[in-house]
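Following: one structure in structure tokens, then a few remarks.
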Amino acid sequence: MCTRMAVLSLSLTGAGLTVSTQAVIAQAVTTQAVTTRAADQATLDLGRKEEARSCVPCHSLRLIQSQRLARATWVKELDKMAGWGSVMKDRDALLEYLVANYGNDKPVPVPDMTRNGK
Amino acid sequence: MFAALLAAAAARPIQGADDGIIVGGKRPMILHNDRPEDLETPLRYFDSWVTPNDAFFVRQHLPRPAAIEPAAYRLTINGMVSKPAQLALADLLKLPQHTVPATLECTGNGRGFYTPKVPGIQWGRGAVGNAEWSGPRLSDVLKLAGVDSKAAFVEIDGADTGVAATPDFVRSMPMPKAMHPATLLALKMNGQSPDIHGFPARLIVPGWDGTSWVKWVIRLTAAAEESKGFFMNPGYRYPKFSLPPGSPPKPAELEVIEGMPVKSSLTSPEDQSKIALGGSQPPTVIRGFAWAGENAIERVEVSTDGGSRWGDAQLSSQKLPFAWRLFTLNWTPADPGYYTIMSRATDAAGRVQPIVPAWNPSGYLWNGIDRVGVTVEKT
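Listed below in structure tokens is the structure:
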């Protein structure tokens, strides 16, 4: 997990490859989380497209957008979905998009109601 | 092309109720997911012992199967049996029909209350309902095929299938529970067609978690061992030993969920609602329901002061295993202010609802003492 986070943060922030301790990695990830939304809109846009392309054939977006999960939990969900046949072209961008929009630091949404079906 | 259309349709941003999600036969329900349907019952519908079909929650793992034509329906019984069978609906109707009142609860009901958050439908209190289920006993159905006495499990498959490589929804049940006289293959739900709840035949496993109650049953296989599919392992397992909140599961220490814990839910007054204070006001009726898996409910206590003092609530008279009991307590607050109302159930085996339910990685079996907050105002 730490390896994946480090790789992501390095690739997105352009930091040097000398990061060696977990504390520094954690700091890099935090910095990246703060700056990604403003700095890397292109990644988030790519992630949103990937969501529509690889998730929607099997289930509606509500299933995703009602979740509030930590990055590590989103990684596990993507692993599960890959195992269930989802082919993700831009998986890293999808992960960034999910964490940025539906991370566990975001307020919990109130679900909609269906209309009367009687 | 079809996939692209589907993508375009489902990629619309989530909007209010006007975006037109309608589920046939259902009143307005709390919408957790529309494809497949995951619908929660709003608390205001829980005003009767039997939950009406049009208000009953819906949990689908997989898309609903194509409508099953009653004349074309066949139930396959195979595996460790002496007479493999293909039964028609008429064969099931020829068997003695029984009715069992039982509370059906989604294993993840209350998942939204766990901290830290876990993935899955973020159910509140309403993924539960109580119905009268009717049909032949599963034991009578299995006897038609002559089940081998060495078969320790029945594997149950529904007509629904997974999209792409999503695993099929297949469950296993130990033979003693399958042969229990209250375990039914229900053809009716509250005297009506089960429709979205598994027409034409739905397994009823009283006292066990909702995942065991397979819908649209088309195959029963007698087997020596438990099914190894995803929905038996790792799906729907619970840690044998409690874990620190937020920690990963230990696969070797996960167990299949069977019976359910003791639990109560407050249905009225609504959380964060306002109540008028005044001498001529009728008392506020605190209401809810309590259930305890395979046990009957013995007692429900209610507190209106955040759990400092507790009083016994009045219980509905039918004290049954498998089915919930309604509770009420009349309350006339003396002063204005903010009150925390709580409910705590005890079952016939002496189990009591905990203050803090054990966090678990899949968010199953939430059964914490329930609580709502109300503001009492001078009129």
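Residue numbers (this note's numbering), protein chains in the order written: chain H, 31 to 148; chain S, -17 to 361.
All C-beta atoms, glycine included, are put in the ideal place defined by N, C-alpha and C.
Within chain H, the residues whose beta carbon sits less than 8 angstroms from that of S/Gly7 are Gly147, Lys148, listed in sequence order. Only those residues of the segment 122 to 139 of chain H whose C-beta falls short of 9 angstroms from the nearest C-beta of chain S are listed: Asn134, Val138, Pro139. As a beta-bridge residue in DSSP terms, S/Thr266 pairs with S/Trp313.
Annotation: H/Gly77 is outside any beta strand (DSSP E); the continuous alpha helix (DSSP H) that includes it extends over 71 to 84. Taking the Cα of S/Thr58 as reference, the smallest distance to any Cα among S/Leu202, S/Thr357, S/Thr328 is reached at S/Leu202. For S/Thr193, there is no enclosing alpha helix (DSSP H), as DSSP marks it with neither H nor E. The beta carbon of S/Phe38 is closer than 6 angstroms to those of Gly111 in its chain, skipping five residues each way along the sequence. Annotated as proximal: S/Glu240 and S/Trp190, with beta-carbon spacing under 9 angstroms. DSSP places H/Ile94 in the uninterrupted alpha helix (DSSP H) bounded by 92 to 95. S/Lys301 and S/Ala113 have their C-alpha atoms some 15 angstroms from each other. Taken atom to atom, the span from the alpha-carbon of S/Ala48 to that of H/Ser116 is near 23 angstroms. Two segments are said to touch when three or more pairs of C-beta atoms, one from each, lie closer than 8 angstroms; by this definition the segment 59 to 74 of chain S does not touch the segment 137 to 147 of chain H. Residue S/Thr322 holds the alpha-carbon nearest to the alpha-carbon of S/Ile351 among S/Pro227, S/Thr322, S/Pro149. Within chain S, the C-beta atoms nearer than 9 angstroms to that of H/Gly115 come from Gly144, Val145, Ala146, Ala147, Thr148, in chain order. Not one beta carbon of chain S lies nearer than 9 angstroms to the beta carbon of H/Leu74. Straight-line measurement puts the Cα of S/Glu252 at about 17 angstroms from the Cα of S/Arg326. Distance check between S/Ala205 and each of S/Val282, S/Val63, S/Gly270 places S/Val63 closest, using alpha-carbon atoms only. Taking a C-beta distance under 9 angstroms as the contact criterion, S/Pro24 and S/Gly108 qualify as a contact pair. Here the alpha carbons of S/Val334 and S/Asn342 stand approximately 19 angstroms from one another. S/Asp20 belongs to the set of residues whose beta carbon lies under 9 angstroms from a beta carbon in chain H. Take the alpha-carbon of S/Tyr55 and the one of H/Gln71: they are about 53 angstroms apart. In the three-state scheme derived from DSSP, where H, G and I count as helix and E and B as strand, S/Val284 is classed as strand. DSSP places S/Leu77 in the coil class of the three-state scheme, outside both helix and strand.
Chain-ordered listing is empty here: chain H has no CB closer than 8 angstroms to the CB of S/Arg46, the nearest sitting near 13 angstroms. Closer than 9 angstroms to the CB of S/Asn91 there is not a single CB belonging to chain H. Nearest to H/Tyr132 by alpha-carbon distance, out of H/Leu76, H/Ser84, H/Arg98, H/Ala82, is H/Arg98. Using a Cβ-Cβ cut-off of 7 angstroms, H/Arg98 is close to Lys99 of chain S, given in chain order.
Per DSSP, S/Thr322 is one residue of the beta strand (DSSP E) stretching across 319 to 329.
Inclusion of S/Pro78 and S/Asp122 in the CB contact set at 9 angstroms is warranted, their separation being smaller than that value. With fewer than 16 other Cβ atoms inside 10 Å of its own Cβ, S/Leu75 counts as exposed. The closest CA to that of H/Pro137, considering only H/Gln95, H/Asp122, H/Pro87, is found on H/Gln95. Residue burial annotation: S/Asn312 is exposed, with fewer than 16 other C-beta atoms found within 10 angstroms of its C-beta. Assignment of H/Lys110 by DSSP, reduced to helix, strand and coil, places it in the helix class. Secondary structure at S/Ile3: coil, using DSSP grouped into helix, strand and coil. Close to chain S, meaning a Cβ-Cβ distance shorter than 7 angstroms, are the following residues of the segment 70 to 94 of chain H: Ala82, Arg83, Val86, Pro87, Cys88, His89, Ser90, Leu91, Arg92, Leu93.
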